[in-house]
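Numbering (my numbering), first residue to last: 1450 to 2290.
First up is the structure itself, then whatever we jot down about it.
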């Protein structure tokens, strides 16, 4: 059968179906909606169905299909029809032709199901959307020789054989005509416009809509909705491209002379990496444009099936992966806008934490370019101590400070510029390593660090000039920093200890400012005492400097290094009108560069505070020593009042006993407190500091050890913030002791005056030569009695004040948090005398 016969048979079948539908609709009284259906459209639809390659999604099992039909008939209450179907099926199977009944049974079963659905809807059904399977049609009618099948249904359904290729060509031609009727623009033109849009260029039809912020087809262009949706989706890549290209243009176009708006080297590297990705993107678009020149084959044509043509759907496949990369670049651009340096690198690094290997590979390639300037800054800082940071991008920033503050305040870490792939601990090591190099260069005038840096670079396998580090090589970076820090810090410690004799200077401060050189302190106290008893405004600092030099030469201090002795100077603090020399005198130690990094101005103020406290303690001890010299037994025994056998003797002895008891109490307190300060505070703290000084690996460790040493002295010596109340009581005790010394000096001066006056009276012939009682015995006894009575009253008053202050001091000791103060309490009250007195009150 030729194509014309097939076409005529299909046309006759369509007309019969439409005629049957119209007559059935009339009989129903309602009319069928299919009655007026266009015959030409139905015929074209039939050709498309017959040329379709669709097949039923079931296995071609004849017996299973027959059993299914029989069960359906029986279930619907038609057992007779089920038996009739079984009989007819067995008769037909006995015939020699056709060889397989499955296609025929499937076709009849499908038509039966379709009719049932149409009857339920009371309307004419559309033509089937799926044609009978190709093998079923050809198998059922191929051998019929163009004759109608036996047993054809009365409705006029005829199965015909056909040529699949010709039928398909006719159907595709009709489909193409339908598509062209709905499309105003060819697909090739849309492909070219989409490629333009992907480059940020407006095409003939696809243009950028500023209001909507996207590329789209104008509403006046008539295309199918699916095509418009696909074009809009493809043009998203163009919108992303505009965003990335705009960021690059804005960054590069800034004026280099404007430092405030300069993007910096990290941003420049980021733009360079983006530009490189866009270059690959341009290459892909060039290839796609060459493909777009090839004509798109029409449906049904096999000429371009395997050719390099470019349709919208093929373009969607080509642009899928570039769209992912471009979308990621656009996200990075949005996240990095307004950032610079380490902050930008950290923001980009945050997007690299992704499980997709493609993402990881892309972000790794990008970050290696972006972080290159940052790692170069790290290398330069660690190995050369140079801050190559023109645009303030590095996480380490330098401050303009004096040499003495270079280590503590010269360089700081900017936390907002520290990227996440560099840990805070590693950043601190990087900071300290560069600081050590600068400290050696600026403060120590040393160049030995260069050899240490070269050894470090050789050890870790990098170079001291350029390169060797990059993103993803955190282990190599940490190895470089750790090794450089170890070698440079070791060299710095050697310079500090050997060249600048740090420990010797610390020991000198302990001996002279903390009064550890006993003979020097005693000589100094003896010779400056008379001067310091004068009002402060009458004392010459030059004269005190001379007395200091005299004390040095008179003690073992003369054997110390001259450089150390020259650093000890007299300092007069600010004073008022009522201050004495004792209140404003102090010593200071001249710590020069680089030692002033440790002994800063604030540290020396703390040393001055300790010196003033210890100096006052030494003054109190020296005063008690003077009282003892005045009261020493040989002077007392030789006193005429003691030899006299009158009532004045008992009064004199009573006063002396009170004075001696009070002296002993004061001496007991001062001696034990001074022992506590000198041995349990100063010596213990020094021993611990000496060990930590030897174990210090870098300058930070040394500074920390010294700060702990000085803070320990302040806290244990009651000079800390938590011991201010106890310190006030202690100073009250010191003032009472000094008051006692002042009274004792006046008392015994009056006694000696009375002795001299008695010895100066006219001698009597009847009395033994030299007796002061001659010529005024009663008057002198009366004066002495009045003096001793006044002395007793003053001693009672001083003893009362002293006891009250001492009780308050001892009561507060257990409340302090310092463990060492418990030993002081034990020494002061080892007989529990004060505890018993306090409990009895």
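Just so it is clear, CB atoms sit at the ideal spot from N, CA and C, and this is done for glycine as well.
Because the structure is a prediction, the values reported are computed rather than measured.
Distance, residue j Cα to residue i Cα
i, j, result
"residue 2242", "residue 2230", "18 angstroms"
"residue 1778", "residue 1766", "20 angstroms"
"residue 1966", "residue 2006", "8 angstroms"
"residue 1642", "residue 1457", "45 angstroms"
"residue 1610", "residue 1459", "Bear in mind that the predicted position of residue 1610 carries a pLDDT of just 39, short of 50, making it unreliable; the figure below should be weighed with that in mind. Using only the alpha carbons, I get a separation of about 10 angstroms."
"residue 2189", "residue 2157", "38 angstroms"
"residue 1758", "residue 1906", "57 angstroms"
"residue 1909", "residue 1902", "11 angstroms"
"residue 2143", "residue 1852", "25 angstroms"
"residue 2004", "residue 1946", "27 angstroms"
"residue 1553", "residue 1514", "11 angstroms"
"residue 2030", "residue 2198", "23 angstroms"
"residue 1680", "residue 1740", "18 angstroms"
"residue 2000", "residue 1988", "18 angstroms"
"residue 1605", "residue 1561", "Because residue 1605 sits at a pLDDT of 35, beneath the cut-off of 50, its placement in the model cannot be relied upon, and the following sentence gives the value as read from the coordinates. So the alpha carbons of these two residues sit roughly 14 angstroms apart."
"residue 1589", "residue 1539", "Caution is warranted here: a pLDDT of 34 is assigned to residue 1589, below 50, making its placement in the model unreliable, and no coordinate value can be reported."
"residue 1780", "residue 1801", "12 angstroms"
"residue 1770", "residue 1494", "39 angstroms"
"residue 1558", "residue 1521", "11 angstroms"
Boundaries of the alpha helix (DSSP H) in which residue i is found, first to last residue
i, result
"residue 1862", "Residue 1862 -> not in any alpha helix (DSSP H); beta strand (DSSP E) instead, spanning 1860 to 1862."
"residue 2006", "Premise fails: residue 2006 is in no alpha helix (DSSP H) and is neither H nor E."
"residue 1701", "1674 to 1701"
"residue 1958", "1951 to 1961"
"residue 1883", "1873 to 1891"
"residue 1944", "Unbroken run through residue 1944: none, as it is neither H nor E."
"residue 1720", "1714 to 1741"
"residue 2043", "Element bounds for residue 2043: n/a, residue is neither H nor E."
"residue 1798", "1790 to 1800"
"residue 2074", "2050 to 2080"
"residue 2278", "No alpha helix (DSSP H) contains residue 2278, which DSSP labels as neither H nor E."
"residue 2312", "An answer regarding residue 2312 cannot be provided, because it is not within the stretch 1450 to 2290 covered by the chain."
"residue 1908", "1898 to 1909"
"residue 2130", "Note, residue 2130: premise wrong, no alpha helix (DSSP H); not H, not E."
"residue 1895", "That residue, residue 1895, is in no alpha helix (DSSP H); it is neither H nor E in DSSP."
"residue 1519", "1511 to 1524"
"residue 1770", "1769 to 1785"
"residue 2024", "Note, residue 2024: premise wrong, no alpha helix (DSSP H); not H, not E."
"residue 1533", "1528 to 1543"
"residue 1644", "1636 to 1647"
"residue 2165", "2148 to 2165"
"residue 1496", "1488 to 1499"
Residue i, enclosing beta strand (DSSP E) - first and last residue
i, result
"residue 2038", "2034 to 2038"
"residue 1845", "1845 to 1847"
"residue 2019", "2017 to 2021"
Cβ neighbours of residue i in the same chain (closer than 8 angstroms, five flanking residues each side left out)
i, result
"residue 1970", "1964, 2067"
"residue 1921", "1813, 1816, 1817"
"residue 1959", "1965, 2131, 2135"
Close-in-space but distant-in-sequence residues of the same chain around residue i (CB under 7 angstroms, 5 per side omitted)
i, result
"residue 1962", "2036, 2038, 2056, 2060"
"residue 2240", "2104, 2196"
"residue 1788", "1796"
"residue 1675", "none"
"residue 1850", "1858, 1859"
"residue 1794", "1715, 1819, 1820, 1823, 1868"
"residue 1691", "1649"
Those residues which DSSP pairs with residue i across a bridge
i, result
"residue 1658", "1663"
"residue 2029", "1984"
Sequence-distant residues of the same chain with beta carbon closer than 6 angstroms to residue i, five excluded per side
i, result
"residue 2264", "none"
"residue 2141", "2154"
"residue 1977", "1996"
"residue 1712", "1700"
Given 8 angstroms as the limit, is there contact between the segment 1870 to 1889 and the segment 1926 to 1934, that is, 3 or more CB pairs closer than that? yes
Below 8 angstroms, how does it come out for the segment 2002 to 2019 and the segment 2049 to 2064: are there three or more Cβ pairs, yes or no? no
Is there contact here, the segment 1979 to 1999 with the segment 2012 to 2028, by at least three beta-carbon pairs under 8 angstroms? yes
Within the chosen definition, does the segment 2133 to 2142 reach the segment 2150 to 2168 through at least 3 CB pairs nearer than 8 angstroms? Result yes; three or more Cβ-Cβ pairs closer than 8 angstroms.
Does the segment 2161 to 2174 come into contact with the segment 2121 to 2134, if we say contact requires no fewer than three beta-carbon pairs (one atom in each stretch) closer than 8 angstroms? Enough Cβ pairs lie closer than 8 angstroms, so yes.
Tell me whether the segment 2169 to 2182 and the segment 2261 to 2272 touch, counting them as touching only if at least three CB pairs, one residue from each stretch, are closer than 8 angstroms. A contact exists between the segment 2169 to 2182 and the segment 2261 to 2272.
Would you say the segment 1882 to 1902 touches the segment 1831 to 1841, given that touching needs at least three Cβ pairs under 8 angstroms? With a cut-off of 8 angstroms, the segment 1831 to 1841 and the segment 1882 to 1902 count as touching, because enough Cβ pairs lie within range.
Do the segment 1663 to 1681 and the segment 1715 to 1724 meet, that is, are 3 or more Cβ pairs less than 8 angstroms apart? no
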